[in-house]
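Under numbering that gives the first Met the number 0, the first residue of the sequence shown is numbered 0, with each subsequent residue one higher.
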Amino acid sequence: MATFNFSSGFYLLLDDGSRLRFEAGEQVVPDDIAGHPYLAANGERLPASLNVDAAPAGEPDAALETPAAAEPAAEDAAPVSAPSVTVEDDGTVHVDTPEEVSEKDALKAQAEALGIEVDGRWGIARLTSEIATKQAAA
């Protein structure tokens, strides 16, 4: 078994068509898939000597068990906004800042009000373009 630290959760599609879910944080991964390039791209392999209390991947019941003391109280927790990742039409990847996220939300609302079916992957440039196209057609 190998241990990885993943920055975000994801699914890994295996050759047989099955999918494995990996949660964010430290995960123990079976040796037969530990060399998969997608695991290395999405996480950091930890040294074998490091003791990790993570459940092996593929065991959802064990992975859901978290000590209550590790979770902050609701009144202590500050709202955390997940960064918005956008893949633009030219293939570039862009992570939105909090200011861009609020601008993007406003553009999404404007586009939906115009009757545009918004794809959640659209960035500010695509939203602006679609809104301009719709307004020019009206």
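For glycine and all other residues, C-beta sits at the position ideal for the given N, C-alpha and C.
Small disclaimer: the values here were computed from a predicted structure and weren't measured.
T91, buried or exposed, once every other Cβ within 10 Å from all chains shown has been counted against 16
exposed
Tell me which residue opens and which closes the beta strand (DSSP E) that R44 is part of.
G42 to L45
Would you mind sorting A23 into buried or exposed? The rule is 16 or more other CB atoms within 10 Å of its CB.
exposed
Can you tell me where the beta strand (DSSP E) holding A1 begins and where it ends?
A1 to F5
Between L38 and N4, how many whole angstroms is the CB-CB distance? I'm expecting something under 8 angstroms.
That belief does not hold up - the Cβ atoms of L38 and N4 are roughly 11 angstroms apart, past 8 angstroms.
Measuring straight from C-alpha to C-alpha, what distance separates P29 and S6?
19 angstroms
Let me make sure I understand the geometry here. Which of E129, I32, A136 and T132 has the alpha-carbon closest to that of D14?
I32
Any idea which residues DSSP pairs Y10 with across the strands?
Under DSSP, Y10 forms a beta bridge with R20.
Span separating the alpha-carbon of K103 from that of F9:
If you take the alpha carbons of K103 and F9, they lie about 24 angstroms apart.
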